[in-house]
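J.: Protein chains in written order, with the working numbering: chain A, 62 to 205; chain B, 62 to 205.
Cβ atoms here follow ideal geometry from the backbone N, Cα and C, with glycine treated the same way.
Treat the numbers as computed from the prediction; the structure is a model and nothing was measured.
Got a structure for you, written out below as structure tokens; questions coming shortly.
Number of protein chains: 2
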Amino acid sequence: MKDPLSDLVGYALRRASSAMMEDMAKRMGALGLRTSEASVLMLIRANPGITQSDLCRALGIQRANMAPLIARMEARKLVARSRSDGRSFGLAVTEAGEELAASARRVSDEQDSGLLAIVPPEHRAHLLPALSALWRADQSSSGQ
Amino acid sequence: MKDPLSDLVGYALRRASSAMMEDMAKRMGALGLRTSEASVLMLIRANPGITQSDLCRALGIQRANMAPLIARMEARKLVARSRSDGRSFGLAVTEAGEELAASARRVSDEQDSGLLAIVPPEHRAHLLPALSALWRADQSSSGQ
DNA sequence: TATTGTTATACTCTATAACTATA
DNA sequence: TATAGTTATAGAGTATAACAATA
């Protein structure tokens, strides 16, 4: 069968990302986390006191979608909120959240090692710089 | 702000793919196509007589989701179906479909050039081989 | 006026289960 | 038994609009 798509970087990018995300969903699911929850948890852990809006800007998530996500994690006592000003909350991980965030980080690192192991050695060091350039150059992610 | 995710290949892969797909959706939308429809159209064009199931295996789409997609494109007279055996149809692009497929291919090539232009020159040639290795190595895509 | 958090809502993509007709 | 196509359905991700409270 002819495959007119296999020489397209964009197509390979989508397929690689889908495969990786499916694998990641399985790994984080084993911890009781969605992938979005895992990234949020890791980012709060690294930035205690961060607000929901700052999280949204960092992760490219809409505020409207962050609200129920944080609510779920607060209900599970993984994250605690404290008023920072009248509008916003400062977020921090609880003890349970700290443990889970550490596990999520470990899982992420494991997956990353696995991904890099699949990439032929001569291409390996180029992947992260190339991908970082692609998403940092994106215009649409800057506006909310 | 600390960013514990930016050194993860998996995270960069997801962000780069999201940005690319958003851009692609805009470009294909201008042609009246969804991204999935565009890829299907290009693949049928390159493989006249292909069945829906073969398309599904090539593109990693579920049969259940292919049915309404093909139905839409048949209703728009972009694709024609003819019985190949009692179970399956052979698919082919119509004249209108051929034109639209050519436009979709042009749009894809344009985007790809733009993507590669963003990647620093020393990393450029490594991107497609690295991504191809990643999604071709994926286990879950082989089973339907 | 702009920002934060929230609710409601809708659209797309994707996945599974169940069914029929055929090989 | 396995495969092709179909339908119904549900989950997840994501987007916009509108609102109240606050800066």
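How about A125/B: is its C-beta nearer than 8 Å to some C-beta of chain A?
T.: Numbered from 1 along the second sequence, position 64 holds the residue referred to as residue 125/B. Cβ-Cβ to chain A under 8 Å: no for A125/B.
J.: Anything in chain A within Cβ reach of P65/B, meaning under 8 Å, just list it in chain order.
T.: Here the question's residue 65/B lines up with position 4 in the second sequence. In chain order: M103, L104, R106, A107 and R166.
J.: If the cut-off is 8 Å on Cβ atoms, which residues from the segment 135-167 of chain B count as contacting chain A, listed in chain order?
T.: Going along the segment 135-167 of chain B in chain order, one finds R166 with a Cβ nearer than 8 Å to chain A.
J.: Do V180/B and L195/A have their beta-carbon atoms positioned less than 8 Å apart in this structure?
T.: As a working note, residue 195/A is residue 134 in the first sequence. As a working note, residue 180/B is residue 119 in the second sequence. Yes; because the gap between Cβ atoms is below 8 Å, this pair is in contact.
J.: Among all the DSSP beta bridges, which residues are the ones paired with V140/A?
T.: Translated into positions along the first sequence, residue 140/A becomes position 79. In DSSP, V140/A forms a bridge with V154/A.
J.: According to the neighbour-count rule (16 or more other Cβ atoms, all chains shown, within 10 Å of its Cβ), is G88/A buried or exposed?
T.: For the purposes of this step, residue 88/A is taken as the residue at position 27 of the first sequence. It is Arg, not Gly, that sits at residue 88/A in the sequence shown. Buried: at least 16 other Cβ atoms inside 10 Å.
J.: Chain A partners of G121/B, CB-CB under 8 Å?
T.: Residue mapping note: residue 121/B aligns to position 60 of the second sequence, counting from 1. Under the 8 Å cutoff, chain A gives R76 and S79.
J.: Just list the residues that DSSP pairs I111/B with in beta bridges.
T.: Indexing the second sequence from 1 puts residue 111/B at position 50. According to DSSP, I111/B bridges with L152/B.
J.: Roughly how many angstroms separate the alpha carbons of L206/A and R148/A, rounded to a whole number?
T.: Absent from the model: residue 206/A. The displayed extent of chain A is 62 to 205, so no value can be given.
J.: Would you mind working out which of S97/A, A73/A and Y72/A sits nearest Y72/B, comparing C-alpha positions?
T.: Reading the second sequence from its first residue, position 11 is the one you call residue 72/B. The candidate whose alpha carbon is nearest that of Y72/B is S97/A.
J.: Check whether the segment 125-138 of chain B touches the segment 64-84 of chain B, counting contact only when three or more Cβ pairs, one atom from each stretch, lie closer than 8 Å.
T.: With the cut-off at 8 Å, the segment 125-138 of chain B and the segment 64-84 of chain B do not touch.
J.: For the alpha helix (DSSP H) holding R76/B, just list the boundary residues, first then last.
T.: Here residue 76/B refers to the residue found at position 15 of the second sequence. Its alpha helix (DSSP H) spans residues V70 to G90.
J.: Please list, in chain order, the chain B residues whose beta carbon lies closer than 7 Å to that of A179/A.
T.: Numbered from its first residue, the first sequence carries residue 179/A at position 118. The sequence shown places Ile at residue 179/A, not Ala. A194, L195 and A198, listed in chain order.
J.: Any beta-carbon of chain A closer than 8 Å to the one on S169/B?
T.: Counted from its first residue, the second sequence places residue 169/B at position 108. Taking Cβ atoms only, chain A reaches closer than 8 Å to S169/B, which makes this a yes.
J.: Starting from S145/B, follow the alpha helix (DSSP H) in both directions and report where the run begins and ends.
T.: Locating residue 145/B in the second sequence gives position 84, where the first residue counts as 1. Looking at the DSSP string, S145/B is not in any alpha helix (DSSP H), and its letter there is neither H nor E.
J.: Under 8 Å between beta-carbons, which chain B residues line up against S100/A? List them in chain order, please.
T.: Sequence index remark: in the first sequence, residue 100/A carries index 39 (1-based). Per Cβ cutoff of 8 Å: L66 and Y72.
J.: Please state whether DSSP places P65/B in a helix, a strand or coil.
T.: The sequence position of residue 65/B within the second sequence is 4, counting from 1. Three-state result, P65/B: coil.
J.: For A165/A, which residues in the same chain have their Cβ closer than 8 Å to its Cβ, ignoring the five residues on either side in sequence?
T.: Start at 1 with the first residue of the first sequence, and residue 165/A comes out as number 104. Only M89, L92, L94, A99, L102 and M103 meet the Cβ criterion.
J.: Using DSSP with H/G/I as helix, E/B as strand and the rest coil, what is L31/A?
T.: Nothing about residue 31/A can be reported from this structure: the residues present for chain A run from 62 to 205 only.
J.: Relative to the C-alpha of V154/B, which residue among I105/B, V168/B and L177/B is closest?
T.: Locating residue 154/B in the second sequence gives position 93, counting from the first residue. It is I105/B.
J.: P190/A CB to nearest chain B CB: under 8 Å?
T.: Taking the first residue of the first sequence as 1, we reach residue 190/A at position 129. Yes - at least one Cβ of chain B is within 8 Å of the one on P190/A.
J.: Identify the contact partners of Q172/B in chain A, using a Cβ-Cβ distance below 8 Å as the criterion.
T.: Translated into positions along the second sequence, residue 172/B becomes position 111. Simply G71.
J.: Interface residues of chain A around L176/B at Cβ under 7 Å?
T.: Position 115 of the second sequence, counting from 1, holds the residue named residue 176/B. Residues of chain A passing the Cβ test: V70, G71 and L195.
J.: Leaving aside the five residues before and after S78/A along the sequence, list all residues of the same chain whose C-beta is less than 7 Å from its C-beta, in chain order.
T.: Along the first sequence, one-based indexing puts residue 78/A at 17. Here the set comprises nothing.
J.: Mind checking if M89/A is an interface residue toward chain B, Cβ cutoff 8 Å exclusive?
T.: Reading the first sequence from its first residue, position 28 is the one you call residue 89/A. So, not an interface residue.
J.: Which residues in the same chain as E135/A place their Cβ atom closer than 8 Å to its Cβ, once the five residues preceding and following it in sequence are excluded?
T.: Here residue 135/A is taken as the residue at index 74 of the first sequence, counted from 1. Within the same chain, E135/A has close Cβ partners A141 and R142.
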